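Data block below; observations after.
Number of protein chains: 2
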Amino acid sequence: MPDKDAHLRWTELSRRRIASGVIFDLFAADRTSPGGKRGEFWILEARDWVTVVPVMLDPSGRPCFIMVRQYRHGADRITTEFPSGLVERGEDPAVAAARELREETGHRAGRIVALGSLLPNPAFMNNRAHTFVAELLQKDGAPTLDELESLDTVTMPVDEVFDHAGRGELVNAMTVVALAEYQRYRDRA
Amino acid sequence: MPDKDAHLRWTELSRRRIASGVIFDLFAADRTSPGGKRGEFWILEARDWVTVVPVMLDPSGRPCFIMVRQYRHGADRITTEFPSGLVERGEDPAVAAARELREETGHRAGRIVALGSLLPNPAFMNNRAHTFVAELLQKDGAPTLDELESLDTVTMPVDEVFDHAGRGELVNAMTVVALAEYQRYRDRA
């Protein structure tokens, strides 16, 4: 069967490593197009990411998310986000979601459901971002953070997060994506 | 007034440039925490991005999006996305949205409305991603693509895009974010 997209696909001739870091490696790929164009494209090779949407009822019976407030080095500001992190090499994304939930909030989930998997930035990143919802939560001690991590755990009413998504501290695009995926899940239920 | 977040904020001691590219520069920032921790954090300094949601009625009166199918170098695959691009230095994001719409689809918009502005990845990127809806579209010639850009323009029914968001070729997280922002705009109208 002929490839109807052959006119779009580029072919890699070679790639060189520019830098290797903790959360990604940077490469320059030398590629040619079907039409004979040639260019160098920068690519971040990164481990997959996981975002987890922890939902529970507060003491008054109101649905709430457990979220984290933290200083983000790239943006040099504090954001409020769903718990998230890197998937370890060989780790199942659902296991990574449960691990990040436990580490960042001190909770374990009775149920973890996969909501979807997207490409955070296919233009220059090769990784996927997986989203899970975590339900039937139980407190299981204090957060256990990475050496260079510091964050506050906060509980926010679900309605309030929907109302304020995209504004104030709720500006991490991956959190807004996870919220949209959670909304679809909730509306199906 | 005391800073209630002082325990979260890190202070930069110095930064060094690791690499400079077309779409971003990579830096390593040496930073200390209020608690006396110290670490090196990689940061991408990037121009802002813009995504535009072009919506029109097809000849049968059905609401449709104009989208682009293109090979994405980071993910090494073809995705279907809303038109998007970099905001030029000093350029108004709304102007960038109109420009990308014209370049990638050959359409001009009678109305461009800002839907929001997010941080694509505050963990290691410093830029914002702006989303606009483009309405009252008029065809104005053929697309005029950048030297190393090739893409196909496609028209997709709005309902179909909502149904398939996050699956198949509709996996660019920034497109899913823009769709969520468009949904909120449409539901308010």
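Just so you know, the sequences run in chain order B and P.
If you want the numbering used here, it's the position in the first sequence, counting the first as 1, plus 897.
If you want the numbering used here, it's the position in the second sequence, counting the first as 1, plus 897.
Where is the CB? At the ideal position from N, CA and C, for every residue including glycine.
Small disclaimer: the values here were computed from a predicted structure and weren't measured.
Contacts around residue i, its chain only, beta-carbon distance under 8 angstroms, and the 5 residues preceding and following it disregarded
i: R986 (chain P); result: R944
i: R889 (chain B); result: No answer is possible for residue 889 (chain B): it lies beyond the span of chain B, which begins at 898 and ends at 1086.
i: L892 (chain B); result: With chain B represented from 898 up to 1086, any question about residue 892 (chain B) goes unanswered, as that position is not in the structure.
i: Q1080 (chain B); result: F1059
Unbroken beta strand (DSSP E) run spanning residue i, endpoints
i: T1028 (chain B); result: A1026 to K1036
i: A991 (chain B); result: Counting along the chain, A991 (chain B) falls outside any beta strand (DSSP E), though it belongs to the alpha helix (DSSP H) covering P990 to T1002.
i: G982 (chain P); result: S981 to L983
i: P956 (chain P); result: Note, P956 (chain P): premise wrong, no beta strand (DSSP E); not H, not E.
i: E1044 (chain P); result: Looking at the DSSP string, E1044 (chain P) is not in any beta strand (DSSP E), and its letter there is neither H nor E.
CB contact flag (residue i, residue j, <8 angstroms)
i: P1019 (chain P); j: L998 (chain P); result: no
i: H970 (chain B); j: F938 (chain P); result: yes
i: D1043 (chain B); j: G1003 (chain B); result: no
i: R949 (chain B); j: F962 (chain B); result: The displayed chain sequence assigns Val, not Arg, to residue 949 (chain B). No. Outside cutoff.
i: S1047 (chain B); j: L905 (chain P); result: yes
i: V992 (chain B); j: V1010 (chain B); result: no
i: T908 (chain B); j: R928 (chain B); result: yes
i: P1040 (chain P); j: E988 (chain P); result: no
i: D1060 (chain P); j: V965 (chain P); result: no
i: A1070 (chain B); j: A994 (chain P); result: no
Nearest-angstrom Cα separation, counted from residue j out to residue i
i: V984 (chain B); j: R996 (chain B); result: 10 angstroms
i: N1023 (chain P); j: L1016 (chain B); result: 19 angstroms
i: E978 (chain B); j: G958 (chain B); result: 22 angstroms
i: V1058 (chain P); j: L1067 (chain P); result: 8 angstroms
i: V1051 (chain P); j: G1007 (chain B); result: 43 angstroms
i: R1085 (chain B); j: E1078 (chain P); result: 20 angstroms
i: M1053 (chain P); j: G918 (chain B); result: 40 angstroms
i: I915 (chain P); j: T1072 (chain P); result: 30 angstroms
i: G1063 (chain B); j: P899 (chain B); result: 43 angstroms
i: L1012 (chain B); j: G933 (chain B); result: 40 angstroms
i: I920 (chain B); j: L1076 (chain P); result: 28 angstroms
i: R1025 (chain B); j: R1005 (chain P); result: 33 angstroms
i: V1088 (chain P); j: A903 (chain P); result: With chain P covering 898 to 1086 only, the question about residue 1088 (chain P) has no answer from this structure.
i: F1021 (chain B); j: T976 (chain P); result: 13 angstroms
i: L1045 (chain P); j: G982 (chain P); result: 13 angstroms
i: P931 (chain B); j: A972 (chain P); result: 18 angstroms
i: K901 (chain B); j: Y1082 (chain B); result: 34 angstroms
i: D1056 (chain P); j: D1056 (chain B); result: 25 angstroms
Delimiting residues of the alpha helix (DSSP H) encompassing residue i
i: R1083 (chain P); result: A1070 to R1085
Residues bridged to residue i [DSSP beta-bridge criterion]
i: R928 (chain B); result: B:E909 and B:G936
i: V1051 (chain P); result: P:M964
i: L1012 (chain B); result: The partner list for L1012 (chain B) (beta bridge, DSSP) is empty, contrary to what the question assumes.
i: R974 (chain P); result: P:R969
i: E1057 (chain B); result: DSSP, once it has assigned bridges, lists no residue as partnering E1057 (chain B).
i: L887 (chain P); result: This structure leaves residue 887 (chain P) out entirely; chain P is present only between 898 and 1086.
i: V947 (chain B); result: B:G982 and B:H1027
i: F1021 (chain B); result: Partner(s): none; F1021 (chain B) has no beta bridge.
i: A903 (chain B); result: Answer is none; A903 (chain B) lacks a bridge partner.
i: A1006 (chain P); result: P:L1034
i: A916 (chain P); result: P:L923
Beta-carbon contacts of residue i that lie in its chain and below 6 angstroms, excluding the five residues immediately before and after
i: H1027 (chain P); result: V947, P990 and S1014
i: R912 (chain P); result: F924 and A926
i: D955 (chain B); result: C961
i: Q1035 (chain P); result: R1005
Nonlocal neighbours in the same chain, by C-beta distance under 7 angstroms from residue i, ignoring five residues either side
i: E942 (chain P); result: F921, D922, F924 and N1023
i: I940 (chain B); result: F924, A926, F1021 and N1023
i: G1065 (chain B); result: none
The ligand PLP heavy atom lying under 7 angstroms from the CB of residue i
i: D1037 (chain P); result: Of the ligands one can find in the structure shown there are none, so the ligand PLP has no counterpart to examine.
Any chain A beta carbon closer than 8 angstroms to residue i
i: M1022 (chain B); result: This model lacks chain A altogether; the protein chains it does include are B and P.
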